[in-house]
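To start, the structure itself, in structure tokens.
Protein chains in written order, with the numbering used here: chain P, 1 to 194; chain E, 1 to 620.
Take a look at the structure:
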């Protein structure tokens, strides 16, 4: 049994950190986890994604159309990766836009992500999350990635629960960062009722 | 990273492949390690840098890969275990000593790691460095995952020390940047001081010595080929009653395994960790029991060619499938789909093919960009303006390897050439002979030290004419902020002055500017464009990532905003300065306060002549 999670966003949003936390949650539960990441050339502002496979996979990259759940920290990045999702899969999308500078230079408009999704993948289940707003409620705007992760965990698709993620947060953060991340995780989880 | 030092065999750590390599260095009892940073190998150095002092490993970021390799070699012939690592193209730089130390051999185990980059995620080519092992006639070891990255590295040191030969250890991006649980093994104690024995010519590759050493090398390689079979490095896996035998290595093995498991394919898999020399006895046994052989490997048909030769030279009847008969591609990294299609084209097992979705909407690209606050943006902006002010007709921009390679993109378009470390200057020397255009070279501080100095000497000596901009951000930024000779760490590293180097070579026009000060930068550039011969401007300003970390810790980042009353929407800031913090919403230009790092360069009248960009007031 393999469950595939893809996390994507823009360099600087915490894509890799979110991936490590999700993976360590799986590890703390005794699961086999393989995570694949690409470094370099996108320290800030470039498109970034990581693949995480829970279960007995050896290859670190998720095969096409086998992603069970996509966590997108930015709407256009969700569209860039949405074709990886398997039929019946899910997408949790951070609503806050980071318009690529290429739009400014070309004078083009930021796409209407929801209508593109509806047109191309009718019936696909997705949730837009006002993660920046909720992160502020959690006390730290830099926790919006944890908000979306919380929502993803609450879907029950991943073989890890909130307690596992809490343990992973415990081992990575301290003080205010730990508190706000835990709060963000909880607030994110409340957005989804299964 | 301190957890990499824990002496608790059997416990597990969730490690990146490159961190597992660093742990392997610890477990193998390596005394001396050196590198020049390069993705996808960089995190090995980051980890060793953090644990070096405590572990007793003498680790350094060397000026370039050639020097790093010679350092490791010297340690090895002094009886110490040594490790040198680099990205694949780094081995090109180190290839001169690399080819010769194969002959001289080594004493303490010496392993050279090359991190290859199939699909070129962060590289200029995807050369398959397994060929280097064959070229130099030395053993080659390929791990498939972080656990093997650690365990095989320890094994590589054993092999190197037992046979007295350097070993090439080859990872790829997907192995170096894969994260899994890794089980720890005991740590071998590190020797801190070696002993150099004067060894009548063994390490002097004069022709008279080299001829004898050549023969000895061949003897060692023959011995390894016939004696290294099953063990830690190589193994056979059987699935059902095999109809085909698959020979594979590295990342290709992981994907083959997944395809085989998922589709219940009946195959026998020979997974090779030692891929040069081919472990001959073991492969022959595999050929004897599997008539039909499929070789699955990324990039060049390296194993396939060896297997085909072995079949032919031993007059076997096996049928061999692979790249040479077009079942698998010889370029780009493999994935599940490529391996499935390849296996299906041979085995006709009806592996389900992929279902492809195409979006009807074209997405705005998000190529890597210079960070908000990056001093290189200011330098490129000023250079473009200076060229315009001086009415320079059709300048040629020779760029180099680093974050500033991104100057190639819109709106700067300041990159006509970029091929290898230091090539901005080598090419400028050549262009200055070939054409009459003004030539402007860009090189980073780390790249300047790495290979920018000899071409500058050449320029002075042979009378080349170009303007060299040394973009000095005080770090090796693109690979993750490693130190370089321009940076001083008190008590640890001495500092080398770029200006002093340039002046001592004989460059007459050497100036230093702060690119955040656009006015002075512009004036200095226009002055430089009037010079004859080679001139140098050092554009010095701390890397924005380092600056942000420093300022954020002090709570000192004050983002800017656009005062809409003053903004004329001339678009100069967006179109020509192009900081990613700018965005347009409802026809208005504004600045994203979480991206803006308050460098303030866009507020200068050279960028915003209407002075509409101001420090953001709370709540605005």
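Here a beta-carbon is modelled for each residue, glycine too, at the ideal position from N, C-alpha and C.
Who are the Cβ neighbours of residue 98 of chain P in its own chain at under 7 Å, not counting the five residues just before and after it? 10 and 74
Taking a Cβ distance cut-off of 8 Å, strictly less, list which residues of the stretch 291-312 of chain E are near chain C, in chain order. Looking at the structure shown, chain C is missing, and the protein chains on hand are P and E.
Have a look at residue 341 of chain E and residue 451 of chain E and give me their C-alpha separation to the nearest angstrom. 43 Å
With burial defined as no fewer than 16 other Cβ atoms inside 10 Å of the residue's Cβ, what is the status of residue 174 of chain P: buried or exposed? exposed
Residue 110 of chain E, buried or exposed, once every other Cβ within 10 Å from all chains shown has been counted against 16: buried
Determine which residues share a DSSP beta bridge with residue 419 of chain E and list them. Answer by DSSP bridge pairing: none, since residue 419 of chain E is not bridged.
Residue 497 of chain E: CB within 8 Å of a non-hydrogen atom of the ligand GDP: Annotation note on the ligand GDP: not contained in the displayed structure, which lists no ligands.
Give the list of continuous alpha helix (DSSP H) stretches no shorter than 4 residues that lie fully inside the stretch 34-89 of chain E. 42-55 and 65-77
May I have the straight-line CA-CA distance separating residue 96 of chain P from residue 137 of chain P, to the nearest angstrom? 15 Å
I'd like to check one pair, residue 476 of chain E with residue 504 of chain E: are the Cβ atoms closer than 9 Å? no
Locate the beta strand (DSSP E) running through residue 163 of chain P, then write down its first and last residues. Run containing residue 163 of chain P: none in the beta strand (DSSP E); it sits in the alpha helix (DSSP H), 162-172.
Run down chain E in chain order and give the residues with a C-beta less than 8 Å from the C-beta of residue 3 of chain P. Here the premise fails: no neighbours, minimum Cβ distance about 14 Å.
In chain P, what lies closer than 7 Å to residue 361 of chain E by C-beta? 111 and 116
Can you grab the Cα-Cα spacing for the pair residue 55 of chain P / residue 360 of chain E, in whole Å? 34 Å
Beta-carbon neighbours of residue 173 of chain E, restricted to chain P and to distances below 8 Å: 38
Alpha-carbon spacing of residue 9 of chain E relative to residue 183 of chain E, whole angstroms: 7 Å
Taking only runs of the alpha helix (DSSP H) that begin and end inside the stretch 243-300 of chain E, which ones reach a length of at least 4 residues, in chain order? 250-263 and 280-289
To which residues does DSSP link residue 238 of chain E through a beta bridge? E:268
Exposed or buried, what is residue 68 of chain P when buried is set at 16 or more other beta-carbons lying within 10 Å of its beta-carbon? buried
Under a CB-based cut-off of 9 Å, is residue 195 of chain E close to chain P? no
Would you say residue 180 of chain E reaches chain P, if we count a Cβ-Cβ gap shorter than 9 Å as a contact? yes
Closer than 7 Å by C-beta to residue 506 of chain E: which residues in its own chain qualify, once you throw out the five before and the five after it? Chain order, please. 460
In the DSSP assignment, what are the bridge partners of residue 128 of chain P? P:93
Could you name the residues that DSSP lists as bridge partners for residue 179 of chain E? P:35 and E:16
Exposed or buried, residue 608 of chain E, counting other C-beta atoms within 10 Å across all chains shown (16 or more means buried)? buried
Please report how far the alpha carbon of residue 259 of chain E lies from the alpha carbon of residue 144 of chain E, in whole angstroms. 16 Å
Do the stretch 205-224 of chain E and the stretch 250-265 of chain E touch if we need at least three Cβ pairs shorter than 8 Å? no
Helix, strand or coil for residue 557 of chain E? Go by DSSP, reduced to three states. coil
Would you list the one or two residues that DSSP bridges to residue 344 of chain E? Its beta-bridge partners do not exist; DSSP assigns none.
Evaluate the contact criterion for the stretch 386-394 of chain E versus the stretch 529-541 of chain E: three or more CB pairs, one atom per stretch, below 8 Å. yes
Which value, in whole angstroms, describes the spacing of the CA atoms of residue 413 of chain E and residue 139 of chain P? 42 Å
Tell whether a beta-carbon distance below 9 Å holds between residue 543 of chain E and residue 577 of chain E. no
Three-pair Cβ contact test at 8 Å for the stretch 455-469 of chain E versus the stretch 18-30 of chain E: no
Specify, as a first and last residue, the run of the beta strand (DSSP E) that residue 171 of chain E falls within. 167-172
I believe residue 16 of chain E touches residue 177 of chain E by the beta-carbon criterion, under 8 Å. Please report the beta-carbon distance rounded to the nearest angstrom. 6 Å
How is the beta strand (DSSP E) around residue 512 of chain E delimited, first residue to last? 509-513
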